[in-house]
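Engineer: The structure is given below, and queries will be raised subsequently.
2 protein chains.
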Amino acid sequence: MIDDTRQRLIDAAGAIFAEKGYEAASVRDICQQASANIAAVNYHFGEKKSLYVAAVRHAQSCADSENPEMTWPADMSPVERLRAHILQMLQRKLEGDKPAWHLGIMLREMAFPTEACAAVVEDYVRPMANGMRAILLDLLGHDFPEEKGNMIGFSIVGQVLFYYVHQPVIRLLIGESAHDALTVQKLADHITNFSLAAMGLAPSLGHSTPTPPITTKAMT
Amino acid sequence: MIDDTRQRLIDAAGAIFAEKGYEAASVRDICQQASANIAAVNYHFGEKKSLYVAAVRHAQSCADSENPEMTWPADMSPVERLRAHILQMLQRKLEGDKPAWHLGIMLREMAFPTEACAAVVEDYVRPMANGMRAILLDLLGHDFPEEKGNMIGFSIVGQVLFYYVHQPVIRLLIGESAHDALTVQKLADHITNFSLAAMGLAPSLGHSTPTPPITTKAMT
DNA sequence: TCCTCAATCAAACACTTGTTTTAATCCGAT
DNA sequence: ATCGGATTAAAACAAGTGTTTGATTGAGGA
């Protein structure tokens, strides 16, 4: 059976782990949500912790398969690749078509790491970081200093992650309606334009010229 | 000292809550670290949850008193106020002279909120957000659209928080030595220059085109 | 001195936790 | 039909949880 109880356990566990954290999630709750017996988790995974890492690995393997390698058309300009990259990151996090726990459990792992964090970094974060670095190298020149490039990458990713990690704070801070008005497309355009302007590849924000979405070709 | 064990309990609780999270922290561990009896927490606070919110409130009251209201000299240019503000945020988080759990427990609360989150936002986040908004209004003009201003503020704060929230990921990603090379001063300069350039108030990163630093007053 | 009352302590409480055990069930191969 | 391995089920396990109890302390006031 594809719909094994083992898979049902991983799905239920991921959802509950992502929502309540590792310690607060009980195997009884997980088994009940998975319509499985209490002993099932120990039969299939041996112990609770193994079920947790199985859920994390499943989440990142799904994230891998759901996102088609981020391979952009070769004739796409670096600027447009950056724009598409930022939009995709935001969509992946805020437009939850897939089960929301896939990224929730990984963000929890990245903020308060357990032993599964290293695997997440290697299998999920590093490929994404390499993709970002490739774009930045095309944008800034391949002899750009590595440390500066790292910081620029962190500046971009930090902007994106902020809207996900601290979403509840933003809601409380600016109100529900103002938060709902921040659509993914609007956020992606802002972050892209903000970052491009910081790198000198687009007109700066700040002066209220109704800036149309920048679609300039990259300067090589 | 009037409330001896009560304060010891709050200190021990804050440290353990920040490190292990609410559920994983046991009152027995807390009482042992505080050299108090197991019944002390229930005698002084009634229940575990009240001790937690007491620790959170203590952390934010300390954060308030430790940071002298962020009142800059009146003749300081908005650009320099922004630079000082960013540096101060980073110092507060990464240069731990004070007990590290003061901000650790609040970041945990902001990322995965409990019922204490609203209080943290109102008493700690909102004043800081107002300070940031005041600087941005001086920088961009007091008739700047609110939503755009919010997003710019989030872009700046997101860059800062990234280095704290995802510090373990950064360590794994670029290595210990490269991470240690990212001093607070270096990060503050980068984030400030990056953000100023994005707003068109400083030369852009990316190319060494020495555009003279713009330190003009806000255009109204 | 006696009393009071807040504070501390050891012990036990009732409950949940993760895990194990043992028996029952399914299901394809013989 | 029968066997045997794989899976599920119910119950019990030991350990840990937050919380409560009731006794004990020790300083301050009448």
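Here the protein sequences line up with chains G and A, keeping their order.
Here our numbering is used: the first residue of the first sequence is 1, the next is one more, and so on.
Here our numbering is used: the first residue of the second sequence is 221, the next is one more, and so on.
Cβ coordinates follow ideal geometry from the N, Cα and C atoms, glycine included.
Predicted model, so just to flag it, every value in this text is computed and none were measured.
(1) For a test of the three-state rule: what should DSSP assign to Glu115 of chain G, helix, strand or coil?
(2) Going along chain A in order, which residues have a C-beta closer than 9 Å to the C-beta of Leu137 of chain G?
(3) By Cβ distance below 7 Å, which residues in the same chain neighbour Asp400 of chain A in space, the five residues on each side in sequence not counted?
(4) Just to confirm before moving on: does the CB-CB distance between Ala331 of chain A and Ala59 of chain G stay below 8 Å?
(5) According to DSSP, is His305 of chain A helix, strand or coil?
(6) Are the beta-carbon atoms belonging to Gly21 of chain G and Gly241 of chain A less than 8 Å from one another?
(7) Report the neighbours of Met106 of chain G on chain A: residues whose CB is nearer than 7 Å to its CB, in chain order.
(8) Counting only beta-carbon separations shorter than 8 Å, does Ser177 of chain G have a partner in chain A?
(9) Could you give the distance in angstroms between the alpha-carbon of Arg346 of chain A and the alpha-carbon of His322 of chain A?
(10) Taking Ser61 of chain G as the reference, give the member of G:Leu137, G:Ala188 and G:Val121 with the closest Cα.
(11) Consult DSSP for Gly517 of chain A and reduce its assignment to one of helix, strand or coil.
(12) With a cut-off of 8 Å, does the C-beta of Asn42 of chain G fall near any C-beta of chain A?
(13) Tell me the DSSP secondary structure of Ser144 of chain G in three-state form.
(14) Assuming Ala40 of chain G contacts Cys31 of chain G under a Cβ cut-off of 8 Å, what Cβ separation, rounded to an integer in Å, is found between them?
(15) Start and end of the alpha helix (DSSP H) containing Asn257 of chain A?
(16) Using a threshold of 8 Å, state whether the C-beta atoms of His305 of chain A and Met371 of chain A are closer than that.
(17) What residue range does the alpha helix (DSSP H) around Ser195 of chain G cover?
(18) What does Leu159 of chain G touch in chain A if you count any residue whose Cβ is under 7 Å from its own?
(19) Can a CB atom of chain G be found closer than 8 Å to the CB of Asn257 of chain A?
(20) Quick check: is the beta carbon of Pro432 of chain A nearer than 8 Å to any beta carbon in chain G?
(21) Please tell me whether Gly266 of chain A has its Cβ less than 8 Å away from any Cβ of chain G.
Structural biologist: Taking the structure as given:
(1) Sequence index remark: in the first sequence, residue 115 of chain G carries index 115 (1-based). The answer is coil: DSSP assigns Glu115 of chain G none of H, G, I, E or B.
(2) On the first sequence, position 137 is the one that residue 137 of chain G refers to. Those within 9 Å of Leu137 of chain G in chain A number zero; the least Cβ separation is about 12 Å.
(3) On the second sequence, residue 400 of chain A is found 180 positions in, with the first residue counted as 1. The answer is none, since no qualifying residue turns up.
(4) One-based indexing of the second sequence puts residue 331 of chain A at position 111. One-based indexing of the first sequence puts residue 59 of chain G at position 59. Not closer than 8 Å, so no.
(5) On the second sequence, residue 305 of chain A is found 85 positions in, with the first residue counted as 1. Three-state result, His305 of chain A: helix.
(6) Position 21 of the first sequence, counted from the start, is the residue given in the question as residue 21 of chain G. Position 21 of the second sequence, counted from the start, is the residue given in the question as residue 241 of chain A. Yes, these two residues count as a Cβ contact at 8 Å.
(7) Here residue 106 of chain G corresponds to residue number 106 of the first sequence, with the count starting at 1. Near Met106 of chain G there are no residues of chain A at all, since even the closest Cβ is about 10 Å away, more than 7 Å.
(8) Counting from 1 along the first sequence, the entry for residue 177 of chain G is found at position 177. Chain A contact via Cβ: absent.
(9) Position 126 of the second sequence, counted from the start, is the residue given in the question as residue 346 of chain A. Position 102 of the second sequence, counted from the start, is the residue given in the question as residue 322 of chain A. Each residue's Cα considered, the two are about 17 Å apart.
(10) Here residue 61 of chain G is taken as the residue at index 61 of the first sequence, counted from 1. Residue G:Val121 is the option with its Cα nearest to Ser61 of chain G.
(11) There is no way to answer for residue 517 of chain A, as the model of chain A reaches only from 221 to 440.
(12) Along the first sequence, one-based indexing puts residue 42 of chain G at 42. Not closer than 8 Å to any Cβ of chain A, the Cβ of Asn42 of chain G fails to qualify, so no.
(13) Locating residue 144 of chain G in the first sequence gives position 144, counting from the first residue. For clarity, residue 144 of chain G is Phe in the given sequence; the question names Ser instead. In this structure, Phe144 of chain G counts as coil in the three-state DSSP scheme.
(14) Here residue 40 of chain G refers to the residue found at position 40 of the first sequence. Here residue 31 of chain G refers to the residue found at position 31 of the first sequence. Contact holds; Cβ gap of about 6 Å.
(15) One-based indexing of the second sequence puts residue 257 of chain A at position 37. It is not in any alpha helix (DSSP H) - Asn257 of chain A carries neither H nor E in the DSSP assignment.
(16) The residue you call residue 305 of chain A lines up with position 85 of the second sequence. The residue you call residue 371 of chain A lines up with position 151 of the second sequence. For His305 of chain A and Met371 of chain A, no; Cβs fall outside 8 Å.
(17) Within the first sequence, residue 195 of chain G is the residue found at index 195, counting from 1. Segment Val184 to Ala198, the alpha helix (DSSP H) holding Ser195 of chain G.
(18) For the purposes of this step, residue 159 of chain G is taken as the residue at position 159 of the first sequence. Correcting the residue type first, residue 159 of chain G is Gln in the shown sequence and not Leu. Within chain A, the residues near Gln159 of chain G are Ser375, Gly378 and Gln379.
(19) Locating residue 257 of chain A in the second sequence gives position 37, where the first residue counts as 1. False, the Cβ-Cβ gap to chain G never drops below 8 Å.
(20) Position 212 of the second sequence holds residue 432 of chain A. Caution is warranted here: a pLDDT of 45 is assigned to Pro432 of chain A, below 50, making its placement in the model unreliable, and the coordinate value is therefore given only provisionally. Chain G, which has no Cβ nearer than 8 Å to the Cβ of Pro432 of chain A, makes this no.
(21) By 1-based counting over the second sequence, the position of residue 266 of chain A is 46. It does not: the Cβ of Gly266 of chain A has no partner Cβ on chain G nearer than 8 Å.
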